[in-house]
Amino acid sequence: MPVGKVGQVVNATARKIDANLIALGNAARRGIGARLLGNSAERILSCAPCDVLVVHP
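The following block contains the structure:
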């Protein structure tokens, strides 16, 4: 199992396997936090080597 920061590991793994899509679940939040993604999701989105699908509960 790879070790490191979630966003970096997910993106590195996506590159390694030549992924076409990364699918993420986003935790439910209330208030202003509902419009923001977590740090890991933000990192994945900003550096992803492929398309990213974010699913809200």
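Residue numbering for the sequence shown follows the numbering used here, starting at 909 and increasing by one per position.
Even for Gly, the Cβ is constructed at its ideal location relative to N, Cα and C.
Treat the numbers as computed from the prediction; the structure is a model and nothing was measured.
Bridge partner(s) assigned by DSSP for residue i
i    : result
V962 : L932
Own chain residues within Cβ distance below 7 Å of residue i, not counting five before or after
i    : result
H964 : N934
A956 : N919, A922, I930
Residue i versus residue j: straight-line alpha-carbon distance, rounded
i    : j    : result
V911 : D959 : 23 Å
R951 : I925 : 19 Å
K913 : S948 : 8 Å
G915 : L953 : 9 Å
Sub-8 Å separation of residue i and residue j beta-carbons
i    : j    : result
L961 : A931 : yes
Close-in-space but distant-in-sequence residues of the same chain around residue i (CB under 8 Å, 5 per side omitted)
i    : result
G946 : N934, A935
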